[in-house]
Structures are given as C-alpha cells and as structure tokens.
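Asker: Protein chains in written order, with my numbering: chain A, 187 to 380; chain B, 111 to 348.
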Amino acid sequence: MAITLAPLPFAQDALAPIISPETLQYHYGKHHQAYVNNLNKLIDGTPLAEKSLEEIILAAEGGVFNNAAQVWNHTFYWNGLKPGAGEPQGKLLELIQRDFGNVAKLKEELAAAATTQFGSGWAWLVLDDGKLKVVKTGNADLPLKHGQTALWTIDVWEHAYYIDYRNERPKYTQQVLDNLLNWDFAAANLAKSA
Amino acid sequence: MDTSRRDFLMTAGGIAIAGGVLGSTLSAQAADAPAAAVEHKLPELPYAYDALEPYIDAQTMTLHHDKHHAGYVKNLNAAEAALEKARAANDFALVQHWSKQVAFNGAGVSLHNLFWTIMAPNGKGGGGQPAGKLLEKITQDFGSFDAFKAQFSAAAASVEAAGWAALHYRKEDGRLLVLQIENHQKLTPWGVTPLLVLDVWEHAYYLKYQNKRPDYITAWWNVVNWEQVQANLEAAAK
Numbered sequence: 187m188a189i190t191l192a193p194l195p196f197a198q199d200a201l202a203p204i205i206s207p208e209t210l211q212y213h214y215g216k217h218h219q220a221y222v223n224n225l226n227k228l229i230d231g232t233p234l235a236e237k238s239l240e241e242i243i244l245a246a247e248g249g250v251f252n253n254a255a256q257v258w259n260h261t262f263y264w265n266g267l268k269p270g271a272g273e274p275q276g277k278l279l280e281l282i283q284r285d286f287g288n289v290a291k292l293k294e295e296l297a298a299a300a301t302t303q304f305g306s307g308w309a310w311l312v313l314d315d316g317k318l319k320v321v322k323t324g325n326a327d328l329p330l331k332h333g334q335t336a337l338w339t340i341d342v343w344e345h346a347y348y349i350d351y352r353n354e355r356p357k358y359t360q361q362v363l364d365n366l367l368n369w370d371f372a373a374a375n376l377a378k379s380a
Numbered sequence: 111m112d113t114s115r116r117d118f119l120m121t122a123g124g125i126a127i128a129g130g131v132l133g134s135t136l137s138a139q140a141a142d143a144p145a146a147a148v149e150h151k152l153p154e155l156p157y158a159y160d161a162l163e164p165y166i167d168a169q170t171m172t173l174h175h176d177k178h179h180a181g182y183v184k185n186l187n188a189a190e191a192a193l194e195k196a197r198a199a200n201d202f203a204l205v206q207h208w209s210k211q212v213a214f215n216g217a218g219v220s221l222h223n224l225f226w227t228i229m230a231p232n233g234k235g236g237g238g239q240p241a242g243k244l245l246e247k248i249t250q251d252f253g254s255f256d257a258f259k260a261q262f263s264a265a266a267a268s269v270e271a272a273g274w275a276a277l278h279y280r281k282e283d284g285r286l287l288v289l290q291i292e293n294h295q296k297l298t299p300w301g302v303t304p305l306l307v308l309d310v311w312e313h314a315y316y317l318k319y320q321n322k323r324p325d326y327i328t329a330w331w332n333v334v335n336w337e338q339v340q341a342n343l344e345a346a347a348k
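1) Output yes or no for whether 9 Å exceeds the beta carbon distance between B/Asn332 and B/Thr227.
2) Whose Cβ in chain B lies nearer than 8 Å to the Cβ of A/Ala344?
3) Look up B/Asp167 in the DSSP assignment and say whether it is helix, strand or coil.
4) Closer than 8 Å, Cβ to any Cβ of chain B: which residues of the region 192-226 of chain A, in chain order?
5) For A/Ala192, I'd like the list of residues in its chain whose CB is within less than 7 Å of its CB, leaving aside the five on either flank, ordered along the chain.
6) Assuming B/Ala196 contacts B/Leu204 under a Cβ cut-off of 8 Å, what Cβ separation, rounded to an integer in Å, is found between them?
7) Should A/Gly324 be flagged as near chain B, meaning a C-beta pair shorter than 9 Å?
8) Taking 9 Å as the CB-CB cut-off, is A/Ile349 touching chain B?
9) What's the call for A/Arg355, buried or exposed, on a 16-neighbour Cβ count within 10 Å?
10) Select from B/Gly238, B/Leu221 and B/Ala271 the residue whose C-alpha is nearest the C-alpha of B/Lys259.
11) DSSP beta-bridge partners for A/Pro356?
12) Could you check if A/Ser379 is buried or exposed, using at least 16 other CB atoms within 10 Å of its CB as the buried criterion?
13) Between which two residues does the beta strand (DSSP E) harbouring B/Gly216 extend?
14) Given a threshold of 16 other Cβ atoms within 10 Å of its Cβ, counted over all protein chains shown, does A/Leu244 qualify as buried or as exposed?
15) Along chain A, in chain order, which residues have C-beta atoms closer than 8 Å to that of B/His175?
16) Buried or exposed: where does A/Glu240 fall if 16 or more other Cβ atoms within 10 Å of its Cβ makes it buried?
17) For B/Gln206, collect the residues of the same chain with a Cβ closer than 8 Å to its Cβ; drop the 5 residues on either side in sequence, then sort them by chain order.
18) So the beta strand (DSSP E) A/Gly248 belongs to, where does it begin and stop?
19) Considering only heavy atoms of the ligand PLP, does any lie closer than 8 Å to the CB of A/Leu278?
20) Between A/Thr190 and chain B, is there a C-beta pair that is closer than 9 Å?
21) Find the residues of chain B that neighbour A/Gly305, judging by a C-beta separation of less than 7 Å, and give them in chain order.
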C-alpha cells in the first residue's frame with residue numbers, strides 16, 4: 187500500500203501574503219511530493235510497504251526514516267496553518283498558562299527555538315510526560331521518535347521561507363506565529379493524546 | 111589562539127595585516143590576562159556579484175555574501191566574546207552553549223571564505239578542467255577527472271538537508287577525499303584540508319534553482335577556479 191500525498195487543507199493562495207502560492211507550489215508540490223515519491227521507491231517490495239507511516243518512522247533509520255519523517259512533518263505542518271486562527275481556549279489554554287505563563291510567552295519560546303535551530307529543521311510544541319514543552323529538531327527528526335506527542339510545528343528549512351523572506355527566518359517565524367497558528371489543530375492533537 | 115589566527119588570516123586574506131595583528135597579540139600575551147580575540151572580518155568577493163551569471167545569479171550572490179556570510183562573521187565574533195566571558199565566570203553550561211556557536215559559525219565563516227575563492231567567472235578562470243599536478247593527483251586518486259566529478263556531484267546532491275560537498279587533502283597519507291559536510295562542521299574528520307567546496311544549503315541556490323539542486327550542481331562546474339584549487343593543494347601538501 188503506497189504512501190500518498192495528503193491534500194493541502196487550504197487553497198494554494200489561502201495563506202498569502204504570509205506564505206505565498208509560489209512557496210506552496212514548490213514546498214508542497216515539489217518537496218513534499220518528492221519525499222512521498224522517494225519513500226515509496228525505498229519501501230516498495232519490502233515489509234515496510236505494508237506498514238503505516240508512523241510505524242515506518244518508528245522502525246526505520248537512514249534514508250527511509252528521513253523521507254518518511256519528512257512526509258509526516260509536512261502534512262502536520264500544513265494542518266497547523268490557518269489564516270485568522272484566533273486564540274487558544276479551554277484545556278489547551280489552561281496548560282499553556284500552567285507551563286509557560288501565557289500565550290505570548292509560549293510564542294516567544296517557539297520563536298526562539300525556530301530561529302536558533304542550526305541549519306535545517308523544525309520547532310515544535312509538544313506534550314512530554316503530561317507537560318507542554320517547546321523543542322526543536324534537526325533535519326527530518328521529529329517528536330514521535332523521542333516519545334513526545336507533537337501538537338504544532340513550524341518548518342525552518344530554508345525552502346519554507348526563502349522565496350518569501352530570503353534570509354530572514356525570524357521574520358517568517360513571527361509572521362506565522364502571529365497570523366497562521368492553527369490553535370484548533372493543536373487543541374485537537376492535545377485531546378487525541380488524552 | 112591558533113584557530114582564530116588562522117581564521118583571521120583567511121578572512122583578511124593579507125599577510126601584512128595579519129602580521130600586524132600577530133604582533134599586537136603577542137605583546138598582549140606578555141601580560142597575565144589572555145589575549146583578546148581577534149575580530150573576524152567579512153572578506154570582499156574577489157569578483158562582482160553578477161560575475162558568475164548565468165550559473166549563479168547576482169541576487170543569490172548578494173544575499174549569500176552580504177547576509178548569510180556576514181551573519182556567520184557577526185555571530186562568530188559575538189560567540190567568541192561570549193565564550194571568553196563564560197570562561198572567565200566559570201559558567202560551564204554557557205561555555206558549552208557558546209562553544210557550539212563558535213563551531214557552527216566559525217566553520218561557516220571558513221567555508222564561505224574558501225567557497226568564493228574557488229570560483230571565478232566562466233572563461234575568465236572559471237570552468238574547464240584542472241591541469242598539471244592537480245589533474246595528475248585527481249587521476250591517481252579517483253581514476254579520472256570524470257570519475258572524480260561524478261563522485262563529487264553525487265556527494266553534493268545527496269547531502270542530507272543543509273551542507274556542503276568537499277574535496278579534502280589528507281596529509282597523513284597524501285590522499286584526496288570527497289566527503290560531505292552537514293551544516294558547516296559535521297561529518298568532517300580531523301587532519302584534512304578542504305581544497306574545493308560546494309555550498310548546497312538551500313540559500314545557495316533556491317532563488318534560481320528552487321528544489322532542483324542537481325541542476326545547480328551541474329551549472330556550478332562552469333565556474334570552478336581550478337588554478338586556485340591547484341594552489342590550495344600545493345599549500346596543503348607543503
């Protein structure tokens with residue numbers, strides 16, 4: 187059973203001007219698609235071909251892991267983006283207040299993690315042993331591999347922002363945090379983990 | 111001290127300037143306090159921003175040199191200053207933090223310094239094939255120039271995420287090695303000297319080539335400055 191590219195949960199122009207249709211055309215249409223294609227080539231005819239994406243991520247290392255993790259990371263990233271996403275509420279807000287003090291403080295930590303990641307990678311809001319934390323991972327690495335539950339992520343590979351922001355990773359990060367952070371998605375991931 | 115001097119020599123690209131600094135560093139060392147770190151400087155490109163067109167575009171060169179390379183220089187200087195303070199305060203958690211910053215940014219500075227010099231405009235020092243001793247050595251260690259080129263290109267194309275392909279000289283056994291570098295500092299053994307490096311961070315090619323890294327690599331061979339690579343080999347083998 188081949189791994190498939192999940193459809194984008196929004197139109198290609200829905201995130202403009204924060205993330206342009208041109209960026210999505212490459213990022214989703216080329217990069218994300220390439221990870222799917224590469225993964226299918228690598229697992230075709232092996233026992234992994236029958237496994238779920240998560241099972242592959244947990245079982246694999248090297249190229250298979252990199253491609254599988256990047257398929258997962260990107261789908262997760264797209265779902266965490268939504269224009270005009272409002273503010274967190276309910277249980278998620280409670281935990282943010284408990285573990286970070288307030289929403290602004292959480293955003294500061296996410297921005298710091300995103301901007302200080304050396305080279306390519308991801309910054310995450312995770313649930314780790316019942317506690318909310320901000321972590322960063324390099325290249326394709328992801329919380330699932332470390333026993334943590336991912337609630338939200340931002341991609342800081344240069345291809346995520348170079349067309350729209352050039353070298354200005356902090357600006358891209360701030361724009362996404364302030365305008366596209368899909369709190370409903372983070373809350374849904376929190377609810378699922380309970 | 112040796113490392114910062116060497117970086118500075120590469121950065122300044124001038125023995126006369128370095129000689130002056132060396133003198134002042136030594137006199138500072140006569141006192142009890144350790145010598146202050148030498149400030150790293152961003153070297154100018156050895157050609158115009160648009161000189162490598164159409165293989166590498168002027169906008170990419172401008173951002174790459176003026177923003178990315180400049181950023182590594184700035185961060186290296188800041189990290190070395192902070193590292194010194196952390197050491198003075200015996201704050202070892204901070205020593206670890208700033209050591210990582212020095213390694214990443216320092217390697218970024220050195221590799222970019224080298225990267226600009228091993229390129230030249232096509233037909234004006236860039237492109238073609240190596241000659242003389244360099245060609246002999248490449249043929250000896252890789253079988254042929256084409257075999258080397260294929261290995262180097264494959265290394266560049268398959269660097270995981272951000273990094274470099276490098277042709278190193280290893281003095282211990284006198285061999286040339288093609289290796290990958292992740293970020294600026296990982297996967298590199300000790301005792302090798304980079305002679306030829308290709309930046310495959312996405313910032314090096316994304317504006318012109320987007321996701322098509324192999325097209326960028328193919329184009330890049332047209333601006334390789336083989337004379338400089340030969341000079342690098344001679345210096346490394348001395």
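All residues carry an ideal CB built from backbone N, CA and C; glycine is no exception.
Just so we're clear, the structure is a prediction, and the values are computed from it rather than from any experiment.
Answerer: The relevant details are as follows:
1) Result no, Cβ atoms of B/Asn332 and B/Thr227 do not sit closer than 9 Å.
2) Correcting the residue type first, residue 344 of chain A is Glu in the shown sequence and not Ala. In chain order: Ala272, Trp311, Glu312, His313 and Tyr316.
3) coil
4) Tyr212, Lys216, His217 and Ala220
5) Only residues of its own chain outside the window of five on either side were considered, and among them Thr261 have a CB closer than 7 Å to the CB of A/Ala192, listed in chain order.
6) 4 Å
7) Answer yes: the Cβ-Cβ gap between A/Gly324 and chain B drops below 9 Å somewhere.
8) It does: the Cβ of A/Ile349 has a partner Cβ on chain B nearer than 9 Å.
9) buried
10) B/Gly238
11) DSSP output for A/Pro356 lists no bridge partner at all.
12) exposed
13) B/Gly216 -> not in any beta strand (DSSP E); alpha helix (DSSP H) instead, spanning Phe202 to Thr227.
14) Exposed: under 16 other Cβ atoms inside 10 Å.
15) None at all; the shortest Cβ gap to chain A is about 11 Å.
16) exposed
17) Take B/Gln206, set aside five residues on each side of it, and no residue of its chain has a beta-carbon closer than 8 Å to its own.
18) Segment Gly248 to Asn265 is the alpha helix (DSSP H) holding A/Gly248; no beta strand (DSSP E) there.
19) Absence of the ligand PLP from the depicted structure is noted, as is the absence of any ligand whatsoever, leaving it without description.
20) no
21) Ala271, Ala272 and Asn293
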